[in-house]
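Colleague: Before we start, here is the structure in question, set down as structure tokens.
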Amino acid sequence: MRWVVGVGLLASAFAPLVALLALLKLSTLEWVGWVILAACAASVALLGLVLRSLSRIQPRPVEVVEVEREDERVLAFTSSYVVPVVVALFSGDDLASLVATIALVLLLVVIYVRAGMYHLNPTLAVLGYRLYKVTAASGAVTMLLTKTRHIPQQGVVQCRYLGDDVAIQLKGRS
Numbered sequence: 005m006r007w008v009v010g011v012g013l014l015a016s017a018f019a020p021l022v023a024l025l026a027l028l029k030l031s032t033l034e035w036v037g038w039v040i041l042a043a044c045a046a047s048v049a050l051l052g053l054v055l056r057s058l059s060r061i062q063p064r065p066v067e068v069v070e071v072e073r074e075d076e077r078v079l080a081f082t083s084s085y086v087v088p089v090v091v092a093l094f095s096g097d098d099l100a101s102l103v104a105t106i107a108l109v110l111l112l113v114v115i116y117v118r119a120g121m122y123h124l125n126p127t128l129a130v131l132g133y134r135l136y137k138v139t140a141a142s143g144a145v146t147m148l149l150t151k152t153r154h155i156p157q158q159g160v161v162q163c164r165y166l167g168d169d170v171a172i173q174l175k176g177r178s
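In structure tokens, the structure reads:
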């Protein structure tokens, strides 16, 4: 289950960037560009299925002692999208610029996966999820994705873990 969740979060995190690059290079990519755009749309659909399937994961209570908003982390990660887009915009339509753009995107993907940064998914932010750093009474820190506008500084939060330190709170299914 975690593998499916990871793939869904990874694919949807980079779908906006890859779709933008495909649109910018559509004249060069021709029909392949349309296939890439369709795959990006499919990855967002996969995210919907992943979010729906998370209700099968047993929620775990977290006794909260401190909460901090961390949405700026998502914005900072999303700003890393700028580099491949600039390369795509200002480079020619030759093979070298296409390889450079792909290499930059792959570098971002490797960093995203190796660092387990599933919580920095810009597509989730567009869907209304906020990011909070929640410190539990045990001292454990969890990055919590939720549509809730306010997490109390003290109390218990029911969430489903996506990884060791990343969890999601499903609205209406806590």
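Letter 156 of the sequence shown, counting from 1, is numbered 160 in this note's numbering, and no numbers are missing.
Every residue, glycine too, gets a C-beta built ideally from N, C-alpha and C.
On a predicted model such as this, the values are computed, not experimentally measured, just so you know.
Is DSSP giving Leu112 helix, strand or coil here?
Modeller: Translated into positions along the sequence shown, residue 112 becomes position 108. Three-state DSSP puts Leu112 in a helix.
Colleague: My output table needs one value for Pro20: the three-state DSSP class, helix, strand or coil.
Modeller: Here residue 20 refers to the residue found at position 16 when the sequence shown is read from its first residue. In the structure shown, Pro20 sits in a helix (DSSP, three-state: H, G or I).
Colleague: Please check the pair His123 and Leu135, which I expect to be a contact at CB under 8 Å, by giving their CB distance rounded to whole angstroms.
Modeller: As a position in the sequence shown, residue 123 is number 119, starting the count at 1. As a position in the sequence shown, residue 135 is number 131, starting the count at 1. Contact flag correct, Cβ pair sits at about 6 Å.
Colleague: Around the Cβ of Ala26, are there at least 16 other Cβ atoms within 10 angstroms (buried) or fewer (exposed)?
Modeller: Mapped onto the sequence shown, residue 26 falls at position 22. The residue is buried, with at least 16 neighbouring Cβ atoms inside 10 Å.
Colleague: Just curious, the alpha helix (DSSP H) that Arg56 is in, first and last residue?
Modeller: What you label residue 56 is simply residue 52 of the sequence shown in a count that begins at 1. Run containing Arg56: Trp35 to Ser57, per the alpha helix (DSSP H) assignment.
Colleague: Find the nearest neighbour of Ala46 within the set Pro63, Pro20, Gly132 and Pro88, judged by alpha-carbon distance.
Modeller: The sequence position of residue 46 within the sequence shown is 42, counting from 1. Closest by alpha carbon: Pro20.
Colleague: Counting C-beta neighbours from all protein chains within 10 Å, is the total for Lys29 16 or more, i.e. buried, or is it exposed?
Modeller: Start at 1 with the first residue of the sequence shown, and residue 29 comes out as number 25. By the neighbour-count rule (16 or more Cβ atoms within 10 Å), Lys29 is buried.
Colleague: So, with DSSP's three-state summary, where would you put Gly167?
Modeller: Taking the sequence shown and counting its residues from 1, the one referred to as residue 167 is at position 163. Three-state result, Gly167: coil.
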